[in-house]
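Structure first, then comments.
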Amino acid sequence: MKAFYTHVGRYCIMIGHAFARTDRLSVLRKQVMFEIDKIGVQSLGIVALLSLFMGAVVTLQTAVNIDSAWIPRYTIGFTVRQTMILEFSPTIISLILAGKVGSNIASEIGTMRVTEQIDALDIMGVNSAGYLILPKIIGAVMIFPFLVLISMFLGIAAGAVIGEAAGVITYNDYEYGIQFDFRPYHVPYALTKSLFFAFIITSVSSYCGYFTKGGALEVGRSSTQAVVYSIVLIMTTNYVLTQLLLL
Amino acid sequence: MISVSNISKTFGDLPVLQDVSVELHPGKVNFIIGRSGCGKSVMTKCMVGLLETEHGKIEYDGRNFTTMNRTQRREVQKEIGMLFQGGALFDSMTVEQNVQFPLMMFSNMNVDEARDRVNFCLKRVELTNKNHLYPAEISGGMKKRVGIARAIALNPRYLFCDEPNSGLDPQTSIVIDNLIREITYEYNTTTIVVSHDMNSVIEIGDRINFLNQGRLWWSGDRADILRTDNKELNDFVFASGFMREIRENLRK
Chain A
20 MKAFYTHVGR YCIMIGHAFA RTDRLSVLRK QVMFEIDKIG VQSLGIVALL SLFMGAVVTL
80 QTAVNIDSAW IPRYTIGFTV RQTMILEFSP TIISLILAGK VGSNIASEIG TMRVTEQIDA
140 LDIMGVNSAG YLILPKIIGA VMIFPFLVLI SMFLGIAAGA VIGEAAGVIT YNDYEYGIQF
200 DFRPYHVPYA LTKSLFFAFI ITSVSSYCGY FTKGGALEVG RSSTQAVVYS IVLIMTTNYV
260 LTQLLLL
Chain B
407 MISVSNISKT FGDLPVLQDV SVELHPGKVN FIIGRSGCGK SVMTKCMVGL LETEHGKIEY
467 DGRNFTTMNR TQRREVQKEI GMLFQGGALF DSMTVEQNVQ FPLMMFSNMN VDEARDRVNF
527 CLKRVELTNK NHLYPAEISG GMKKRVGIAR AIALNPRYLF CDEPNSGLDP QTSIVIDNLI
587 REITYEYNTT TIVVSHDMNS VIEIGDRINF LNQGRLWWSG DRADILRTDN KELNDFVFAS
647 GFMREIRENL RK
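So the sequences go chain by chain: A and B.
Every number in the working numbering is 19 more than the matching position in the first sequence, counting from 1.
Every number in the working numbering is 406 more than the matching position in the second sequence, counting from 1.
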C-alpha cells in the first residue's frame, strides 16, 4: 500500500512539474506539433484498419445473432452505430493506442533516463518534465478526439459496405438503422472519454519512463508497466465516466 | 569558485559521502579521483543538484546552492556545462541540434547567430562537417567532443566532466584532455573532472582531490602526488609495477 501511495505522490509531483513552467513557448509549440504528428498522424493507419474490421465484424456478428423475424434488420446498423460511438471507437482504440503510443513514450523517456539525457536537461537548467512530458500530453489530448471521430466514421462505413457485400442488410436498412433513435449527446460523451484516455496514456507512460532506473532490461519493464497501468486506468476511468455522464 | 563544506550523503544505511569539504578553483582543472564506488559520481551529482545532500553546503561563488529553491537552482545550473561519461547526447537530434539546444532554450540569439555559435563551438572541438550526423553515426571520441561543444555553448562558468576519457583510445584521450585544459584556461572556468584515468590526472590536473571510503583523503597538485607518502593514494595511483617504476625514476 505504501508503494501505491509513493507512486501516486511521485506521479502528482511529476505532473505538477510538467505544468509548472515552460522554458520557451516557441519550443513548446514546436514540440506539440511534433507530438501530434508522432502520436496522432502516425497512428492513423492502425486506427483506420482496426476501425474498419471492428465495424465489419460487429455487422456480421449482429446479423448472425438476429434469428427472430420480430427483430428488424436495421438493428444491425443501430448496433454498429451504438457500439462504435459508445465503446469501440473511444475505448478500444484508446486501449490499442495505449499499447502503441504508451510503450513508445515509456521506452523513449526511459532510454533518455538511463543514458543520462534527462540528467543533461536538468543540469542545463531545463525543466525536463515540462520539456518532455507536457508536449506529449497536450499533443495527445488535441489529436485523440479526431482519431476517435475518424474511427467512428470508418467503423460505421465499413459495416455498411460489408453488410451489403455479405447480403445481410441493404444500404437503406443500414442507413435507417444508424439514424434510428440517435442521441447526439453520445458523441461528445465519447470524445470526452477520449480526452481522459489521452491524458492517462501519455502521463502514465511518461511517469513509467521518467522514473526508470537501471538499463535496457528496466526500460523494457517500464514499457510493459506503462501499457498495463494505462489499460487498467482506462477501463476504470471508462466505468466512472460512464456512470457520471450517461446515467 | 565552488566551495563544498562538510557534505554527507547516504543511500539507505550505506554512507557514500561523509563530511567532505573541498574547494574547486576557477581557471584550474580540478580532479576528483578515487576507486570505483568511493563516491566521486555521487559527489558530482550532489554538486550539480541531481542528488540532495543530507548535511553541509555547496556554494557557487558565494551562492548557497543547497538552500536554493528549484527556480533559483535553475539559474545556477544555466551557468554549468557538463560532459557526461556516455556523452548523453540527445539521440533524436543531429550534432548541430545538440549543440544548439542550450542556445535555443536560454539565449536570445536568432537562427543565424545560433548557427554561427554552434559552428564556432564545433570548430573549437575540432569537429567540422559533422553537423548533420546523428549521435548514432559518430564515434565515441566525437560524441565526447560534441558533448564538450554543447557544454561550452553558453560559455559556462563551471564545467563538470564525468569520466571524460572512458572508453577512448590513448590518443583520443589526450585530445579530449587538451581540450578540457584549453577551455579551462581560455574561459577561466571552474573545471571539475571526475576520473580514475591517471594519465589524464598527471597530464592536465592542476588540483587533485582523492576520495576514499566516502571521505576526502588527500588534496594536492600533480607534483605532490609523486612525493606523497599517503598509503591509500599511492596504492590507488601506483597500483601497477609499471607506474611504481615510473615514480621511482621520476624521484631519482
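The C-beta atom is built at its ideal place from N, Cα and C for all residues, glycine as well.
Fair warning: this is a prediction, and the values are worked out from it, not measured in the lab.
Check, Outcome
"Where the beta strand (DSSP E) through V145(A) begins and ends", "Element bounds for V145(A): n/a, residue is neither H nor E."
"Amino acids of chain A, ordered along the chain, whose beta-carbon sits closer than 7 Å to that of K446(B)", "Residues of chain A passing the Cβ test: none, with the nearest at roughly 15 Å."
"CA-to-CA distance, D575(B) to A629(B), given in whole angstroms", "25 Å"
"Near-chain A residues of the region 511–525 of chain B (beta-carbon distance less than 9 Å), N- to C-terminal order", "M511, F512"
"Chain B residues whose Cβ lies nearer than 7 Å to that of V46(A)", "M510, M511"
"Min CB distance R92(A) to chain B below 8 Å", "no"
"V145(A) CB to nearest heavy atom of the ligand ATP below 7 Å", "The ligand ATP is absent from the structure shown, which contains no ligands of any kind."
"Endpoints, alpha helix (DSSP H) assigned at F165(A)", "153–185"
"Closer than 8 Å to chain B by CB, G239(A)", "no"
"Start and end residues, alpha helix (DSSP H) containing S225(A)", "205–229"
"Host alpha helix (DSSP H) of E237(A) (start-end)", "235–265"
"Straight-line Cα distance separating V187(A) from T134(A)", "57 Å"
"Beta carbon proximity, F496(B) to chain A, threshold 8 Å", "yes"
"CB contact below 8 Å: I162(A) versus chain B", "no"
"Beta-carbon spacing of S70(A), L173(A) below 8 Å", "yes"
"Residues of its chain near N257(A), where Cβ-Cβ distance is below 6 Å and the 5 sequence neighbours each way are ignored", "T110"
"Proximity test, Cβ basis, 8 Å: K536(B) and chain A", "no"
"Span separating the alpha-carbon of N561(B) from that of M143(A)", "12 Å"
"I58(A) and A159(A) closer than 8 Å at C-beta", "yes"
"I112(A) vs S170(A) beta-carbon contact at 8 Å", "yes"
"Euclidean distance between Cα positions of I554(B) and N146(A)", "21 Å"
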